[in-house]
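Structure first, then comments.
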Amino acid sequence: VIPAGFSAATLTDSGGRIEVIVDPAREQCAGIVLGQVQAATAPMLIDAEVERGVRSAFNTAPDTFGFTEADLQEAGIDLPAVTKFLTAAIKGVVSSQVQDAIDDPLVSIDVRPATDAAPRQAPTVFDYLVPGYSVFFAFFLMGLMAETIFAERVSGSLRRIFSLPIGRVPFLA
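In structure tokens:
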């Protein structure tokens, strides 16, 4: 979830935050999503870091060296033009520090489950095979039972056995 004001927040000292909501059933995909988010935001984060650094340097440097706005105008220094020039120059130099910015990004990504329920355990081989084998066994058993019932109806042996002059109890023994 990218919050409102994310671009402005990346230019502050605390940086911005992106929230990634992870489905507990698909936790394996979370790493892919995090990698894609970091890859997509890396160029913007580097530009934001350079812009933030140049802006903070220009916001503190005139006060540090005792220059006022009037002194800068009197010297013919156009502060916005110098800021643009230095920003472009530093962006060219910063290519050696890109890896550091990717390793320690300004935007921290929080991964949290979509629900507060405890994450489920990943299915095991047993969980995958038992339902299929149960259905297979049920169909196999139904076929055998249907074949037995059909054979009984054709032969009529049960009808002949019940026609014998004995009681029902001896049949059970």
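Sequential numbering of the sequence shown, starting at 60, is according to the numbering used here.
Backbone N, C-alpha and C define an ideal beta-carbon position, used for all residues, glycine too.
According to DSSP, I77 shares a beta bridge with I168.
Using a C-beta cut-off of 8 angstroms, the segment 96 to 116 makes contact with the segment 63 to 75, since at least three inter-stretch Cβ pairs fall below that distance. With a 10 Å radius around the Cβ and a threshold of 16 neighbouring Cβ atoms, V141 comes out exposed. Scanning its chain for C-beta atoms nearer than 6 angstroms, with the 5 sequence neighbours on each side dropped, one finds no residue around A181.
C-alpha of E108 to C-alpha of G94: approximately 20 angstroms in a straight line.
The beta carbons of P172 and V81 sit closer together than 9 angstroms. Distances from the alpha-carbon of T100 to those of R85, D162 and A84 put D162 closest.
When the Cα atoms are used, A63 and P139 turn out to be separated by approximately 27 angstroms. Put simply, the backbone Cα of G226 is about 40 angstroms away from that of V194. Annotated three-state conformation of S222 is coil, per DSSP.
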